[in-house]
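Heads up: the structure comes next, in structure tokens.
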Amino acid sequence: MNWLGSIINLDGYGHYLHWHFILVSVANLIVVGLMVITFVAALFLPFPGKGRRKENR
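Quick note: the sequence shown uses my numbering, first residue 6, plus one each step.
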């Protein structure tokens, strides 16, 4: 995993976005966006195998 440090420079300064009183780093904004996308997908995508199971009554 040492080669990963040569691809991404982790020694630099972070980039921040500023809207009025909100200050957020770009990295955190990406993580929050991915979490929201995952949550919305979990709400609307069907569970795997939901239509395959049949109940015997």
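All C-beta atoms, glycine included, are put in the ideal place defined by N, C-alpha and C.
In this text the structure is predicted, and so the values were computed from the model without any measurement.
Query, Result
"Cβ separation of V29 and Y21, assumed to be a contact under 8 angstroms, to the nearest whole Å", "7 angstroms"
"Unbroken alpha helix (DSSP H) run spanning I42, endpoints", "31–49"
"Residues bridged to Y21 [DSSP beta-bridge criterion]", "S30"
"Collapsed DSSP secondary structure at I12 in the structure displayed", "helix"
"Cα-Cα separation between W24 and A32, rounded to whole angstroms", "16 angstroms"
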